[in-house]
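Taking it in order: structure first as structure tokens, then the write-up.
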Amino acid sequence: MKQKPVTALIHSSRKAPQYINTIQPPLFRASTIIFENTDALFNRHWTDRYDYSYGTHGTPTTFTLGDHIAQIEGGEYCLLAPSGLSAINLVNSCFLSHGDEVWVADNIYGPNMEHLRHLEKSYGIIVQVYNPIDADTFQPNENAKLIWLEAAGSVTLEFPDLVRLVKKAKAKNILTALDNTWGAGLAFNAFDFSHEHLSVDISVHALTKYPSGGGDILMGSVVTQDNALHHKLFRMHAIQGIAISGDDAAQVQRSLASMQIRYEHQSQSALKILNWLKSQNAFAQVLHPADSDNISHTYWNQTCQTGQSAGLVSVIFKPEFDVNKIRKFCDHLSLFKLGFSWGGPVSLVMIYNLTDMRHLERTHLEQGLLVRFCIGLEHPDDLIQDIQNALQAIQA
Ligand SMILES: Cc1ncc(COP(=O)(O)O)c(C=O)c1O
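This note's numbering numbers the first residue of the sequence shown as 1 and each following residue consecutively.
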């Protein structure tokens, strides 16, 4: 029967081949997934790892990316979320309920702390803060359920004493969740990070950073090794309707191929820039865990056996550089752009006031405003020149 134009526009007689060999896996876009017949409909098992029943539960494109991320990180299962923060929130909402205690490193990614404070106010969980470089400050009570680790931590970049913290948590059956964005599954293996084969339970990764690598896509992941843990997260992921677009998944999948090369380049550039920054007298302190003068260097050295570190380096300006001078410094930068995030091609800079950010005493940090440099893919010599020009502008 000849179809009317409006129908013919929808139903093409040409069927795309189900499979051909290409460098990148095929891209599936789906909300609706069509069942072959009613048997397939009534026999669907959307809780199976690779069952295709509706777009929110996953497509071959999102499962391919998830499996790849799990493999890179040394885990078994992966759930994808529309941002790193949404992946963090999935863990918090899955494992914490009224009366539970959660332990958070003082240098944790700020919005994670904000989410936990919200849960504290609205749902009666108890937030406790520990010093990541002093495992003695982690003193869990009977009701402790979860500890958040971050290696290295946000902005001040202290590398935690992972070995002691994880051992202490495991001894008390407390879940260990690591924000693994900095290490990206490359600097160390979160599921086997010491000669004693220690492992965290959950690795959360803002794929927005290195895996995307373009500064243009938001995504997050939650990787686990334990099947029961994965299934708890899986159900929460499903009932919260957490889903990502196929297009974004395909873009991140495509970028994974170059991630190690980009990570290494940015890591090496950061080390070169770190050494130059240390020679400048405008700074009271330069912060990077691979620096042998850094307070957390031993922990970085113990865990990051690959010798790698991400492309982040922070400086604390001497107190005579007030906020106006620091703003002038940032406004004078030309290659470094003023913006949040990291791991992309373009170098970024951001200003932080630690007084507003930390809960514990921070005796290891100098007074002064902090500027974080996120090193992109530009040549480090050009980036050094850019910083030098901006420094001259405020020192003149
Ligand atoms: C350490 C860390 N974790 C998580 C996130 C959150 O990622 P997203 O921006 O995708 O929400 C960020 C973002 O800056 C981050 O720096």
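C-beta: ideal position from N, C-alpha, C; glycine also.
Predicted model only: the values in this text are computed from it and were never measured.
Going straight from the alpha carbon of residue i to that of residue j, what length do you get?
{"i": "Gln392", "j": "Arg327", "result": "14 Å"}
{"i": "Ile126", "j": "Ile202", "result": "20 Å"}
{"i": "Asn43", "j": "Ile34", "result": "13 Å"}
{"i": "Met113", "j": "Asn89", "result": "10 Å"}
{"i": "Val313", "j": "Leu287", "result": "6 Å"}
{"i": "Ser341", "j": "Gln139", "result": "32 Å"}
{"i": "Gln240", "j": "Ser292", "result": "44 Å"}
{"i": "Ser13", "j": "Tyr19", "result": "18 Å"}
{"i": "Leu277", "j": "Val223", "result": "36 Å"}
{"i": "Pro25", "j": "Thr64", "result": "8 Å"}
{"i": "Ser199", "j": "Gly110", "result": "24 Å"}
{"i": "Ala87", "j": "Leu348", "result": "24 Å"}
{"i": "Ala81", "j": "Leu271", "result": "32 Å"}
{"i": "Thr156", "j": "Lys318", "result": "16 Å"}
{"i": "Phe321", "j": "Ile174", "result": "43 Å"}
{"i": "His45", "j": "Leu27", "result": "23 Å"}
In the DSSP assignment, the alpha helix (DSSP H) including residue i goes from what residue to what residue?
{"i": "Thr59", "result": "Run containing Thr59: none; DSSP gives neither H nor E here."}
{"i": "Leu274", "result": "Met259 to Lys278"}
{"i": "Tyr123", "result": "Gly110 to Tyr123"}
{"i": "Trp148", "result": "Not the alpha helix (DSSP H): Trp148 falls in the beta strand (DSSP E), residues Ala144 to Glu150."}
{"i": "Asp331", "result": "Val323 to His332"}
State yes or no: is the C-beta of residue i nearer than 7 Å to some heavy atom of ligand 1?
{"i": "Ala310", "result": "no"}
{"i": "Glu442", "result": "Nothing in the structure corresponds to residue 442, since the chain is present only between 1 and 396."}
{"i": "Glu150", "result": "yes"}
{"i": "Gly58", "result": "no"}
{"i": "Tyr109", "result": "yes"}
{"i": "Leu79", "result": "no"}
{"i": "Phe373", "result": "no"}
{"i": "Asp179", "result": "yes"}
{"i": "Ser83", "result": "yes"}
{"i": "Ala250", "result": "no"}
{"i": "Gly99", "result": "no"}
Spatial neighbours of residue i within its chain, please: C-beta separation below 8 Å, excluding the five flanking residues on both sides.
{"i": "Met1", "result": "none"}
{"i": "Gln3", "result": "His11"}
{"i": "Lys232", "result": "Cys94 and Phe95"}
Leaving aside the five residues before and after residue i along the sequence, list all residues of the same chain whose C-beta is less than 6 Å from its C-beta, in chain order.
{"i": "Ile69", "result": "Cys78 and Ser221"}
{"i": "His364", "result": "Ile295"}
Starting from residue i, follow the beta strand (DSSP E) in both directions and report where the run begins and ends.
{"i": "Val102", "result": "Glu101 to Ala105"}
{"i": "Met350", "result": "Leu348 to Tyr352"}
{"i": "Tyr210", "result": "Note, Tyr210: premise wrong, no beta strand (DSSP E); not H, not E."}
{"i": "Cys374", "result": "Leu370 to Cys374"}
Inset, instruction - Assess, as a yes-or-no matter, whether the stretch 143-158 is touched by the stretch 173-186 under the definition of 3 or more beta carbon pairs within less than 8 Å. - result: yes
Legend entry - At least three beta-carbon pairs within less than 8 Å, the stretch 64-79 to the stretch 187-205: yes
Inset, instruction - Decide if the stretch 381-391 is in contact with the stretch 331-347; the criterion is three or more beta carbon pairs, one per stretch, under 8 Å apart. - result: yes
Inset, instruction - Decide yes or no for the touch test of the stretch 241-252 against the stretch 213-226: beta carbon pairs closer than 8 Å, at least 3 of them. - result: yes
Inset, instruction - Determine, using beta-carbon pairs with one atom in the stretch 184-192 and one in the stretch 290-309, whether at least three such pairs fall under 8 Å. - result: yes
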